[in-house]
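Novice: Counting with the numbering used here, you get residues 618 to 997 for the letters of the sequence shown.
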Amino acid sequence: METPIAGSHLSPYVAAPLTDQTIDFAALAVKTVGDAPFGLTATASSGLPVGFSIVSGPATISGSTVTLTGDGNVTIAANQAGNASFNAAKTVTQSFVVQLGSSTTCAATGTILREMWRNVSGNNLSDFSFQSTPTSTSQLTSFEGPTSLGDNYASRIRGYICAPQTGNYTFWLAGDDAAELYISTDDNPNNKARIANLVSWTNFREWNKFTSQKSGIISLQSGKKYYVEVLHKQGAGGDNLSVQWQLPDGAVESPLPGKYLSPYQAGQLSTSSISFSSSNTSSNTLSESLSETVKPGLYIYPNPVSQQSNVEFTLIESGQTNVALFNAKGQLVSKLFTGETQANIKKSFVLDAGTLQNGVYLLRLISGKNSLTKKVIVLK
618 METPIAGSHL
628 SPYVAAPLTD
638 QTIDFAALAV
648 KTVGDAPFGL
658 TATASSGLPV
668 GFSIVSGPAT
678 ISGSTVTLTG
688 DGNVTIAANQ
698 AGNASFNAAK
708 TVTQSFVVQL
718 GSSTTCAATG
728 TILREMWRNV
738 SGNNLSDFSF
748 QSTPTSTSQL
758 TSFEGPTSLG
768 DNYASRIRGY
778 ICAPQTGNYT
788 FWLAGDDAAE
798 LYISTDDNPN
808 NKARIANLVS
818 WTNFREWNKF
828 TSQKSGIISL
838 QSGKKYYVEV
848 LHKQGAGGDN
858 LSVQWQLPDG
868 AVESPLPGKY
878 LSPYQAGQLS
888 TSSISFSSSN
898 TSSNTLSESL
908 SETVKPGLYI
918 YPNPVSQQSN
928 VEFTLIESGQ
938 TNVALFNAKG
948 QLVSKLFTGE
958 TQANIKKSFV
968 LDAGTLQNGV
978 YLLRLISGKN
988 SLTKKVIVLK
């Protein structure tokens with residue numbers, strides 16, 4: 618008996634060499650925006666399961682199922698990591714094109730409309746109604762206004778976004794002094810909702826000064842046209858206005874480029890420029906254009922008014938509320954109400970027209986995402 622066993626009787630363990638493996642991943646066909654999610658198939662010579670990942674392009678993947686998010690080139694990688702018997706396989710990639718379908722009618726023209734009103738005092742949007750004919754108009758080649766134009770003016774940028782990808786977007790707003798960013802659920806301005814605003818001025822392209830500058834998640838569909846609008850008020854000092862966005866694929870574009878934009882088309886009514894065909898204000902014209910779950914009300918009676926009228930409003934969200942009266946030129950006449958309001962609680966006050974001249978006026982309420990306007994006729 619040998620204790621311990623002599624080395625002359627022993628030999629070291631030598632692991633068997635790992636076997637190489639390859640992946641067979643066939644070419645992928647051209648797809649069209651709007652196609653249903655589809656599955657991928659690839660095989661490894663080892664028989665082990667193959668995994669997939671998106672290298673680039675407008676698509677997402679879960680397991681082996683691909684979901685298209687827009688048009689463009691998509692590259693997908695197939696991988697097999699190996700095991701105790703097989704080496705990792707060499708990654709194989711396949712690319713394919715996602716094209717716009719014939720049903721996709723959205724086509725950007727490369728510009729967006731900017732309207733400007735000169736000689737408008739004040740720093741706040743409530744100082745102006747945006748109802749009168751602008752002093753000048755121009756076309757912007759990106760979602761960004763000019764800087765250092767001067768003091769005491771108001772501007773509005775409005776038009777349409779042609780979404781390049783399907784998925785979740787985020788928007789940011791920067792400007793000086795006050796601004797609000799709206800987007801519609803479609804190309805109808807009446808369906809717009811505020812998604813970002815400035816509580817005070819920011820520097821040029823300063824995106825993260827206030828939490829209100831950044832929108833929540835905005836879901837858009839590739840190839841669909843969406844109405845978009847910014848209201849801007851400049852008092853004194855520096856002036857700027859810019860919008861940037863982040864696309865579903867994570868890319869951030871600052872400012873939002875003109876290749877996705879088209880100017881507003883006259884004749885489509887926005888809630889910031891409501892016209893009235895009758896002096897009868899017993900029905901709330903604006904609330905009919907809001908979603909069925911959001912129906913704030915603004916009422917004035919009697920109307921026409923000779924001496925005094927009662928103004929009443931009810932909102933479905935609590936918050937800071939401002940009510941002001943403007944003349945037919947969009948100039949501020951009087952600030953009638955400023956304060957906190959509670960949801961679903963009616964507020965009322967008296968409009969004294971004793972010092973007002975005969976004519977047409979505009980009563981405007983701003984509270985959170987709600988902006989309501991009523992025509993008031995003074996007739997003594």
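Cβ atoms here follow ideal geometry from the backbone N, Cα and C, with glycine treated the same way.
The structure displayed is predicted, hence computed values, not measured ones.
Can you tell me the Cα-Cα spacing of Leu982 and Lys964, whole angstroms?
Specialist: Within the sequence shown, the letter at position 365 stands for residue 982. Within the sequence shown, the letter at position 347 stands for residue 964. Looking at the two C-alpha atoms, the distance is approximately 12 Å.
Novice: With distances taken between CB atoms, is the gap from Val683 to Ala676 smaller than 7 Å?
Specialist: Here residue 683 refers to the residue found at position 66 of the sequence shown. Here residue 676 refers to the residue found at position 59 of the sequence shown. Taking 7 Å as the Cβ cut-off, Val683 and Ala676 qualify as a contacting pair.
Novice: In angstroms, rounded to a whole number, what distance separates the CA positions of Thr649 and Gly689?
Specialist: Looking up residue 649 in the sequence shown gives position 32. Looking up residue 689 in the sequence shown gives position 72. Each residue's alpha carbon lies about 10 Å from the other.
Novice: Any chance the stretch 770-782 sits against the stretch 817-828, with 3 or more Cβ pairs inside 8 Å?
Specialist: Result no; under three Cβ-Cβ pairs closer than 8 Å.
Novice: If contact is defined by three or more beta carbon pairs under 8 Å, each pair taking one atom from either stretch, is the stretch 965-974 in contact with the stretch 754-771?
Specialist: Contact fails: fewer than three Cβ-Cβ distances are below 8 Å.
Novice: Spatial neighbours of Ser755 within its chain, please: C-beta separation below 7 Å, excluding the five flanking residues on both sides.
Specialist: As a position in the sequence shown, residue 755 is number 138, starting the count at 1. These residues qualify, in order along the chain: Arg731.
Novice: Per DSSP, which one or two residues make a beta bridge with Cys723?
Specialist: The residue labelled residue 723 in the question sits at position 106 within the sequence shown. Beta-bridge pairing links Cys723 to no other residue.
Novice: For the beta strand (DSSP E) containing Ala795, list its first residue and its last residue.
Specialist: As a working note, residue 795 is residue 178 in the sequence shown. That run of the beta strand (DSSP E) goes 795-801.
Novice: Can the beta-carbon of Ser859 be found less than 7 Å from the beta-carbon of Ala791?
Specialist: For the purposes of this step, residue 859 is taken as the residue at position 242 of the sequence shown. For the purposes of this step, residue 791 is taken as the residue at position 174 of the sequence shown. Cβ atoms of Ser859 and Ala791: closer than 7 Å.
Novice: Taking the CB atoms as reference points, tell me whether Gly668 and Asn696 lie closer together than 7 Å.
Specialist: As a working mapping, residue 668 is identified with position 51 in the sequence shown. As a working mapping, residue 696 is identified with position 79 in the sequence shown. Yes, the pair counts as a contact, with Cβ atoms nearer than the cut-off.
Novice: Identify, in the order they occur along the chain, each residue of the same chain with its Cβ nearer than 7 Å to the Cβ of Arg735, setting aside the five sequence neighbours on each side.
Specialist: On the sequence shown, position 118 is the one that residue 735 refers to. Cβ neighbours of Arg735 beyond the five flanking positions: Thr752, Tyr770.
Novice: Candidates Lys850, Pro874, Val967: which alpha carbon is nearest Asn740's?
Specialist: By 1-based counting over the sequence shown, the position of residue 740 is 123. Considering only alpha carbons, the answer is Lys850.
Novice: Can you confirm whether the stretch 926-935 touches the stretch 953-967 when touching is taken to mean that 3 or more C-beta pairs between the two stretches lie within less than 8 Å?
Specialist: These segments touch.
Novice: Between the alpha carbons of Thr708 and Gly767, how many angstroms are there, rounded?
Specialist: For this step, residue 708 is matched to residue 91 along the sequence shown. For this step, residue 767 is matched to residue 150 along the sequence shown. Answer to the nearest angstrom: the Cα atoms are 58 Å apart.
Novice: Thinking C-alpha only, which one of Thr639, Ser923, Ser879, Tyr978 is nearest Gln748?
Specialist: Along the sequence shown, read from residue 1 onward, the residue named residue 748 stands at position 131. Nearest of Thr639, Ser923, Ser879, Tyr978 to Gln748, Cα basis: Tyr978.
Novice: Taking only the alpha-carbon atoms, compute the straight-line gap between Asp793 and Asn920 and give it to the nearest angstrom.
Specialist: The residue you call residue 793 lines up with position 176 of the sequence shown. The residue you call residue 920 lines up with position 303 of the sequence shown. The alpha-carbon atoms of Asp793 and Asn920 are separated by roughly 37 Å.
Novice: So the beta strand (DSSP E) Gly956 belongs to, where does it begin and stop?
Specialist: For the purposes of this step, residue 956 is taken as the residue at position 339 of the sequence shown. Note, Gly956: beta strand (DSSP E), 949-958.
Novice: Can you check DSSP and say which residues form a bridge with Ser755?
Specialist: Counted from its first residue, the sequence shown places residue 755 at position 138. Ser755 pairs with Arg731.
Novice: If you reduce the DSSP assignment to three classes, tell me which class Gln974 lands in.
Specialist: The residue given as residue 974 occupies position 357 in the sequence shown. Residue state, collapsed to three classes: coil.
Novice: In angstroms, rounded to a whole number, what distance separates the CA positions of Ser663 and Ile729?
Specialist: Within the sequence shown, residue 663 is the residue found at index 46, counting from 1. Within the sequence shown, residue 729 is the residue found at index 112, counting from 1. Between Ser663 and Ile729, the C-alpha separation is close to 57 Å.
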